[in-house]
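**Student:** Sequences listed follow chains A and B, in order.
Following the working numbering, the numbering of the first sequence begins with 15 at its first residue and continues without gaps.
Following the working numbering, the numbering of the second sequence begins with 193 at its first residue and continues without gaps.
The following block contains the structure, expressed as structure tokens.
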Amino acid sequence: MTLKIHQDHSRFKQIVRGKIKANLRKYVQKGEMLGKKGKDAISIPIPFIDIPRFKYGHKEQGGVGQGDGDVGQQLGPGAVEPGDGHQAGQGEGDHALEVDVTLEELAQILGEELQLPRIERRQNERIVTQKVKYTGVNTTGPESLRHFKRTFKQALKRQIATGTYDPKMPVIIPTREDRRYRSYKLQELPETNAVIIYMMDVSGSMGDEQKEIVRIESFWLDTWLKHQYKGLESRYIIHDAVAREVDRDTFFHTRESGGTMISSAYKLCRDIIQADYPKSAWNIYPFHFSDGDNWSADDTRQCIEMLRNDILPQVNQFAYGQVESPYGSGQFIKDLREAVGDTTNVALSEIADKDAIYASIKDFLGKGR
Amino acid sequence: MPKSLTPRLAALRDEIHGYAKEFGLDFFDTVFEMVSYDEMNMVAAYGGFPTRYPHWRWGMEYEQLAKGYEYGLSKIYELVINNDPCYAYLMESNPEVDQKLVMAHVYGHCDFFKNNFSFRHTNRRMIDDMANHATRVRRWVDKIGVEKVEDFIDRTLSLENLIDQHAPHIRRNPDPQRAEEEAKSNERVEGFKVDREYMRGFINPSEFMDSQRKRAEDEKQQRKRFPERPQRDVLYFLLEHAPLEPWEVDILSILRDEAYYFAPQGQTKIMNEGWASYWHSTIMTRRALRDDEIIDYADHHSGTMGVRPGAINPYKLGIELWRDIEDRWNKGKFGKEWDECDDLRARQAWDKKLGAGREKIFEVRKHYNDITFIDTFLTAEFAQQQKLFVYGFNDKRNSWEILDREFRKVKNKLLTSLTNFGQPIIEVVDGNYENRSELLLAHKHDGQDLKGDYARETLRNLQSLWRRPVNIITRYDGKGTLLRYDGQHHSEKKVEL
Numbered sequence: 015m016t017l018k019i020h021q022d023h024s025r026f027k028q029i030v031r032g033k034i035k036a037n038l039r040k041y042v043q044k045g046e047m048l049g050k051k052g053k054d055a056i057s058i059p060i061p062f063i064d065i066p067r068f069k070y071g072h073k074e075q076g077g078v079g080q081g082d083g084d085v086g087q088q089l090g091p092g093a094v095e096p097g098d099g100h101q102a103g104q105g106e107g108d109h110a111l112e113v114d115v116t117l118e119e120l121a122q123i124l125g126e127e128l129q130l131p132r133i134e135r136r137q138n139e140r141i142v143t144q145k146v147k148y149t150g151v152n153t154t155g156p157e158s159l160r161h162f163k164r165t166f167k168q169a170l171k172r173q174i175a176t177g178t179y180d181p182k183m184p185v186i187i188p189t190r191e192d193r194r195y196r197s198y199k200l201q202e203l204p205e206t207n208a209v210i211i212y213m214m215d216v217s218g219s220m221g222d223e224q225k226e227i228v229r230i231e232s233f234w235l236d237t238w239l240k241h242q243y244k245g246l247e248s249r250y251i252i253h254d255a256v257a258r259e260v261d262r263d264t265f266f267h268t269r270e271s272g273g274t275m276i277s278s279a280y281k282l283c284r285d286i287i288q289a290d291y292p293k294s295a296w297n298i299y300p301f302h303f304s305d306g307d308n309w310s311a312d313d314t315r316q317c318i319e320m321l322r323n324d325i326l327p328q329v330n331q332f333a334y335g336q337v338e339s340p341y342g343s344g345q346f347i348k349d350l351r352e353a354v355g356d357t358t359n360v361a362l363s364e365i366a367d368k369d370a371i372y373a374s375i376k377d378f379l380g381k382g383r
Numbered sequence: 193m194p195k196s197l198t199p200r201l202a203a204l205r206d207e208i209h210g211y212a213k214e215f216g217l218d219f220f221d222t223v224f225e226m227v228s229y230d231e232m233n234m235v236a237a238y239g240g241f242p243t244r245y246p247h248w249r250w251g252m253e254y255e256q257l258a259k260g261y262e263y264g265l266s267k268i269y270e271l272v273i274n275n276d277p278c279y280a281y282l283m284e285s286n287p288e289v290d291q292k293l294v295m296a297h298v299y300g301h302c303d304f305f306k307n308n309f310s311f312r313h314t315n316r317r318m319i320d321d322m323a324n325h326a327t328r329v330r331r332w333v334d335k336i337g338v339e340k341v342e343d344f345i346d347r348t349l350s351l352e353n354l355i356d357q358h359a360p361h362i363r364r365n366p367d368p369q370r371a372e373e374e375a376k377s378n379e380r381v382e383g384f385k386v387d388r389e390y391m392r393g394f395i396n397p398s399e400f401m402d403s404q405r406k407r408a409e410d411e412k413q414q415r416k417r418f419p420e421r422p423q424r425d426v427l428y429f430l431l432e433h434a435p436l437e438p439w440e441v442d443i444l445s446i447l448r449d450e451a452y453y454f455a456p457q458g459q460t461k462i463m464n465e466g467w468a469s470y471w472h473s474t475i476m477t478r479r480a481l482r483d484d485e486i487i488d489y490a491d492h493h494s495g496t497m498g499v500r501p502g503a504i505n506p507y508k509l510g511i512e513l514w515r516d517i518e519d520r521w522n523k524g525k526f527g528k529e530w531d532e533c534d535d536l537r538a539r540q541a542w543d544k545k546l547g548a549g550r551e552k553i554f555e556v557r558k559h560y561n562d563i564t565f566i567d568t569f570l571t572a573e574f575a576q577q578q579k580l581f582v583y584g585f586n587d588k589r590n591s592w593e594i595l596d597r598e599f600r601k602v603k604n605k606l607l608t609s610l611t612n613f614g615q616p617i618i619e620v621v622d623g624n625y626e627n628r629s630e631l632l633l634a635h636k637h638d639g640q641d642l643k644g645d646y647a648r649e650t651l652r653n654l655q656s657l658w659r660r661p662v663n664i665i666t667r668y669d670g671k672g673t674l675l676r677y678d679g680q681h682h683s684e685k686k687v688e689l
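Next comes the structure, spelled out in structure tokens:
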């Protein structure tokens, strides 16, 4: 069934999309939006979609409220409705509306703007996963799915009906018959699996700015690959002179001071692939970021060897991003270019600063592998 | 699309209708329609009307409502349009007890629409007019193009609140008095009556005649100063004087019409929601509830009445005030004797068994709006019972906090926030400012500064309609300020007030 509103709704979405597109380059460079990420959606401030009016600033205005509390007591966050209308901007002078955009949509926009090709899946084996969908309320079920409010309401009803409810001592005790449970169905979802293995140099020469760039860039890589593959896993490896696998949080917030041996990371990457991700079932994407400094030419040789023999044959694409740093020599990308630059499933990118992230995403994803 | 009621629901409606009549509610015919939840969201996005002119903001509204529903944050139970007949919507997935509650609530609203003075001049055929507006706008879209029309609507919406909120009704024709004066000013200057032609040069010497002519000319100029008095209906002023194209005039007048139609609802929100809640509660608890429905009713009712500390819930404040008035007039807690009694115990035990409460609230619902309602009936005792307080923003702590529980301050703050529907009062003071056809608005400053970036953006939109530079006098940090936008640049200068 179509409703009249759908025209207005799609017009609104079109406007939002247009605004996002027009500002995409800005959003791509901005790290702060990463913090506003929900599970499936991200809040993006859209400029000027709010209709301006002559009105009071809500902060000057204040208002009347209702409830307990002494004078001087703070009102909890979210207690005060922002101004009139529905959504107020974030603070004074900022004239934006926060719009929720699903990561799916964001990926589409990114794809359109950067003209990214769809990724060719190396293998199309369907792996079926199951998803639980809650469909209603039932009188039987496992305790873990007990619906507390409905259970107690049922008990209250029964107690009132049987005259055992005492308003002066409002104790409600549900019996077996009162219990209500959420009921669910299992849905089967086909999935194509992929894994991203992020590697980052955390040695002393990689500063906060460099890591910020990696963080932002990996967000966009994630978003795009998630859009292409439903079941996406991520693994994280940090390295200086030695490599170790860490969780996402540690990955972005570790700072070491040692030297750099890139081969250690590649070795670990290789081991992870061998252990967990058989080529037959997985699309594999290693991304490595460093400032281009390596301990020795000998170590670089080892890296290249491992790439050629162990990693490249297993993966859809190997990507190396070199983040410019005042301390690094930037030699590593030259060596890679020389050795494996012509290989089809290698993507190399130099990222000078935040402005370059936009182009770098295209370097990485533009091949459609 | 909307369906008529099932026989079962029709029977329930007849039952509730009977109770409403029994309690003395007086309303237009009320048509209930069944809608699905996304139809409900659509109608709600359109402000209650099944058809509105095309615009993206309905879509934005719809998205927010649909999302709120999906996330379980909000659910629209009740929607009713002030029209004759009244139209109201019931959501088909709701349980029976909710449908009954909604019907009872709706009859309360319909009674209010029909009887409260603020609505006396509203268009009771608005449902047809809204559809006509939609047709007109669509026709312009076909002729002019969707981009241009939408852009104009966007800019006009920015000025939508610049109507005379408290005008008794919408003014459609030019001021007849003005036309008369204009005609008079065109009379020729003739000087004194001359009986003998040879005396003319003596009785009306040419210098005198010149000066008379000049004075007449000046007066005419003076009269040409428009508006003669500050005009609060800025949209009307623009309709009359801005160099707009016919299609722009049409759309502007549509938006103005709709703004006036909705204004009384903004001015009686607390009364109206309170009144409807009072009646759903009375009808349900005294008549309509079956025993097994009590818990669900109580759950729903208390959900509607919930308060959060930083906001006024009009349903809650309204219903409590209506009950307080009823109670006071039942017990005779008013008048000189009551006011002068300062014995707390006597006040608490006060009961003159007047029983005039019901009658009183029916009278009050006729003659008050939120401002006069609060001003007259919000007492110190009530404010204390309801735990009302004033809150404000503390810059140092960067948070909202409770500032005061003192009755006078609470009441004043509440009244201020209701004045002009919580909007700044803005008037056109000069349509020929500096004698250069510039537009000058004035903000009647009442202690609160305008939001600066919004003001500048609004000026930009205003300028695009006026097509000459526009100015507004306001006050920032206590100093008179003239904001100006000339079509390219914003500027700001201090002025003496």
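Note that beta-carbon positions come from the ideal geometry of N, C-alpha and C, so glycine has one too.
#1: Quick one, are the C-beta atoms of Q331(A) and R383(A) less than 9 Å apart?
#2: Consider the Cβ of G614(B): report whether some Cβ of chain A lies at a distance smaller than 9 Å.
#3: Measuring CB to CB, does I371(A) end up less than 9 Å from Q43(A)?
#4: Should P91(A) be flagged as near chain B, meaning a C-beta pair shorter than 9 Å?
#5: By the DSSP assignment, the beta strand (DSSP E) with E364(A) in it spans what residues?
#6: Could you name the residues of the same chain whose beta carbon sits closer than 7 Å to that of P616(B), not counting the 5 residues immediately before and after it, in chain order?
#7: For R39(A), decide whether its Cβ has a neighbour in chain B, counting only Cβ atoms nearer than 9 Å.
#8: For the candidate residues A279(A), H253(A), A295(A), T274(A), whose alpha-carbon lies nearest to that of H267(A)?
#9: Flag this pair as yes or no: are the beta carbons of H241(A) and E118(A) separated by less than 9 Å?
#10: Looking only at DSSP bridge pairs, what is D596(B) linked to?
#11: Closer than 9 Å, Cβ to Cβ, to anything on chain A: give me those residues from the stretch 250-276 of chain B, in chain order.
#12: Assign H682(B) to one of three DSSP states: helix, strand, or coil.
#13: In its own chain, which residues sit with a C-beta less than 7 Å from the C-beta of D108(A), not counting the 5 before and 5 after it?
#14: Beta-carbon of L117(A) versus every beta-carbon of chain B: anything under 9 Å?
#15: For the alpha helix (DSSP H) holding R520(B), just list the boundary residues, first then last.
#16: So the beta strand (DSSP E) F332(A) belongs to, where does it begin and stop?
#17: Alpha carbon to alpha carbon, how far is I319(B) from T474(B)?
#18: How would you call T348(B), buried or exposed, if buried means at least 16 neighbouring beta carbons within 10 angstroms?
#19: Less than 8 Å between the CB of W467(B) and some heavy atom of the ligand MN, yes or no?
#20: According to DSSP, is G670(B) part of a helix, a strand, or is it coil?
#21: Based on the DSSP secondary-structure assignment, which residues constitute the bridge partners of H358(B)?
#22: Output, in chain order, the set of chain B residues within a Cβ distance shorter than 8 Å of D307(A).
#23: Using a Cβ cut-off of 9 Å (strictly closer), state whether F68(A) contacts chain B.
#24: For D367(A), which residues from the same chain have a beta carbon less than 6 Å from its beta carbon, with the 5 sequence-adjacent residues on both sides left out?
#25: In angstroms with no decimal places, state the Cα-to-Cα distance between G327(A) and T358(A).
#26: Hey, which unbroken runs of the alpha helix (DSSP H) at 4 residues or more fall wholly within the stretch 260-335 of chain B?
#27: Do L546(B) and G510(B) have their beta-carbon atoms positioned less than 9 Å apart in this structure?
#28: At what residue ranges does the stretch 196-254 of chain B contain a whole run of the alpha helix (DSSP H), taking only runs of 4 or more?
#29: Do M232(B) and L271(B) count as a contact pair if the criterion is CB distance below 9 Å?
#30: Have a look at I211(A) and F68(A) and give me their C-alpha separation to the nearest angstrom.
#31: How would you label A147(A), buried or exposed, when you count the other beta carbons within 10 angstroms and need 16 or more for buried?
#32: Taking a Cβ distance cut-off of 9 Å, strictly less, list which residues of the stretch 476-504 of chain B are near chain A, in chain order.
#33: For E226(A), which of A175(A), V337(A), C283(A) has the nearest alpha-carbon?
#34: In the stretch 533-568 of chain B, which residue ranges form an unbroken alpha helix (DSSP H) of at least 4 residues, counting only runs that do not cross its ends?
#35: Give the residues of chain A in contact with G584(B), contact being defined as C-beta atoms less than 7 Å apart.
#36: Exposed or buried, which one is Y299(A) when buried takes at least 16 other CB atoms within 10 Å?
**Tutor:** If we stick to the structure as given:
#1: yes
#2: yes
#3: yes
#4: yes
#5: 360-365
#6: H635, L642
#7: no
#8: H253(A)
#9: yes
#10: Its beta-bridge partners are V582(B).
#11: W250, G251, M252, E253, Y254, E255, Q256, A258, K259
#12: Annotated three-state conformation of H682(B) is strand, per DSSP.
#13: With a pLDDT of 38 at D108(A), under the threshold of 50, the modelled position of that residue is not reliable, and no figure is offered here.
#14: Residue-level contact by beta carbon fails for L117(A) and chain B, as no gap is shorter than 9 Å.
#15: 506-523
#16: 332-337
#17: 30 Å
#18: buried
#19: Here there are no bound small molecules, and the ligand MN is not part of this structure.
#20: coil
#21: Looking at the DSSP output, H358(B) sits in no beta bridge, so it has no partner there.
#22: Going along chain B, no residue has its Cβ under 8 Å from D307(A), so there is no contact; the nearest lies around 43 Å.
#23: yes
#24: none
#25: Checking the sequence, you will find Pro at residue 327(A) rather than Gly. Rounded to whole angstroms, P327(A) to T358(A) spans 11 Å at the Cα level.
#26: 288-307
#27: no
#28: 199-214, 229-237
#29: Annotated as proximal: L271(B) and M232(B), with beta-carbon spacing under 9 Å.
#30: CA-CA distance, I211(A) to F68(A), rounds to 52 Å.
#31: It is worth fixing the name first, because residue 147(A) is Lys in this sequence and not Ala. With fewer than 16 other Cβ atoms within 10 Å, it is exposed.
#32: D483, D484, I486, I487, D488, D491, V499, R500, P501, G502, A503, I504
#33: V337(A)
#34: At a cut-off of 4 residues, the continuous stretches assigned as alpha helix (DSSP H) that sit fully inside the stretch 533-568 of chain B are 536-541, 549-559.
#35: G76
#36: Classification of Y299(A): buried, given that the 10 Å Cβ count is 16 or more.
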